[in-house]
Amino acid sequence: MTSLSSTPAEDTATAVVQNHAAGDSAQTRRNRWLVDQSMSIGYAILFVLLAFTVENFFSAANIVGLMLSVAQIGMVACTMMMCLASRDFDLSVGSTIAFSGVLGAIILEHTQSVTLAVGGGLLAGALIGAGNGILIAYMRVNALIATLATMLMVRGLAFIVSKGQAVGIANDSFISFGDGRLFGLPYPVLVVAICFIVFGVLLNHTVFGRNTLAIGGNPDAARLAGIKVERLRVWIFLLQGLVTAVAGLILASRITSGQPNSAQGFELDVISACVLGGVSLQGGKARIFGVLIGVLIMGTVENVMNLMNVDAFYQYLMRGFILLAAVLLDQLKSRSTRS
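Taking our numbering, the leading residue of the sequence shown gets 22, the next gets one more, and so forth.
Set out below in C-alpha cells:
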C-alpha cells in the first residue's frame with residue numbers, strides 16, 4: 022500500500038519554494054510602494070533642498086503665496102482626476118474659467134447682486150461640463166475632439182460677451198472671495214483644501230468613486246456589472262464644469278476683473294499635475310494625495326523660478342518639460358504594472 026505522507030526532503034523543498042515565493046511577493050510589494058510613492062519622496066527631498074538653497078523660499082509669506090498660486094490648479098485637478106480616472110479628459114477647463122469669470126463680472130456689473138453673479142457663473146460652468154459629458158457619453162464624440170471644440174467655442178463666447186475687453190469688478194463683497202482670510206489663510210486656499218477632502222472621500226469611500234474607477238478600468242465590464250456608464254460620465258463632467266466655474270469666479274475676484282483671455286494653457290498644467298500625481302492616462306487609477314503632490318510640484322517649480330527671476334520664456338520651456346516628463350512617467354508605471 023502506497024503511503025500518502027511526504028518525505029522530509031519533500032517537506033524541505035516545499036518550504037524553500039514557499040519562502041522564495043513569499044520573498045518575491047514582499048519584494049514586489051516594496052517595489053510597487055516605491056513606484057507609487059516616488060513623487061512624494063522626490064517632492065519632500067526637493068522641498069528640503071529648496072528651503073536651504075533658495076532665499077526666502079521657506080518664509081511664511083512665500084509658503085502662503087505658493088499655496089495661493091496653486092489654488093485654481095488644485096481645485097480643477099480634483100475633478101480632472103475623476104475625468105482621467107474614467108478614461109476621459111477635459112481640454113476646455115481654461116476657457117470655462119475665463120467665461121465663468123467674465124459672465125460673473127458682467128452680471129455683477131448690471132445687477133450689483135453677488136448671489137446672481139456667482140449663480141450665473143456656476144450655472145454656466147455646470148452646463149458646459151454637462152454638454153461635454155453628453156457629447157462624449159451619448160453622442161460618442163472622442164473626448165479630445167469634443168473638449169477641444171468646446172474649448173474654442175467657450176473662449177469665443179468669453180470674447181463675444183465681453184466685447185474683447187476686461188470687465189472690471191468694484192464690488193467689495195465679491196472681491197473678498199479672492200483676498201479675504203480666515204485663520205490667516207486666504208479663502209482660495211481653504212476652498213482648495215475643501216475640494217481635496219471632498220473629492221478624496223468621493224473617490225475612496227463612495228460608490229460614485231468606485232464606479233468611476235471601474236469604468237476607467239474596463240467600461241464594457243462596468244456596463245455588464247450594471248453601472249450606468251453614460252450617466253456617470255455626464256455627472257463627472259458636470260462636476261468638472263461646476264468646480265472649474267468656482268475657480269474662475271475666484272480668479273476674477275482675485276484680479277478684480279473678468280478677463281476673456283485668462284487661463285490660457287491652464288488645462289495642460291492641470292493634466293500635468295494629475296499625471297505627476299499618479300493618475301493614469303489609461304484610466305482606472307487615481308490617488309488624491311498623489312494629485313496634491315503633483316499640484317505642489319507644479320506650483321513649487323513656478324514659484325522658485327519667480328524667486329530666481331527666471332525669464333518667462335524659460336518658464337514655458339520648463340512647463341513643457343514637466344508635461345513630457347509626466348507622460349513618460351505614466352508610461353513607465355504602466356509598463357511596470359504589466360510586468
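Beta carbons: idealized from backbone N, C-alpha and C, even for Gly. Quick caveat: nothing in here was measured; it's all calculated off a predicted structure.
- Between L297 and I318, the CB-CB gap stays under 8 Å.
- Only exposed fits V228, as fewer than 16 other CB atoms lie within 10 angstroms of its CB.
- The region 274-285 makes contact with the region 119-138, as at least three CB pairs between them are under 8 Å.
- Assigned with DSSP and collapsed to three states, P240 falls in helix.
- Boundaries of the alpha helix (DSSP H) around Q261: 250-276.
- At the C-beta level, V348 and A98 stay beyond 8 Å of one another.
- A Cβ-Cβ contact shorter than 8 Å links A268 with I118.
- Within its own chain, the residues whose Cβ lies closer than 8 Å to the Cβ of F287, once the five positions on either side in sequence are excluded, are Q93, I94, V97, V114, G115, I118, listed in chain order.
- The shortest CA-to-CA distance from M172 to any of A82, M88, L272, L112 is the one to L112.
- Taking every protein chain shown into account, the CB of Y208 has 16 or more other CB atoms within 10 angstroms, so this residue is buried.
- In the DSSP assignment, Q93 falls within the unbroken alpha helix (DSSP H) covering 92-106.
- Between the alpha carbons of G185 and D241 lies a distance of about 45 Å.
- Of the other Cβ atoms in all chains shown, 16 or more fall within 10 Å of the Cβ of I314; this residue is therefore buried.
- Assignment of alpha helix (DSSP H) within the region 164-205, counting only whole runs of 4 or more residues, yields 164-182, 193-200 in chain order.
- Three or more Cβ pairs closer than 8 Å define a contact, and the region 240-258 falls short of that threshold against the region 72-85.
- Ranked by Cα distance from Q303, the options A106, M329, F195 are led by A106.
- Counting other Cβ atoms within 10 Å of its Cβ, D109 reaches 16 or more and is therefore classed as buried.
- With respect to L263, G146 sits close: the two C-beta atoms are nearer than 8 Å.
- If you compare the alpha carbons of R51, D332, I149, T321 with that of M88, the shortest gap goes to T321.
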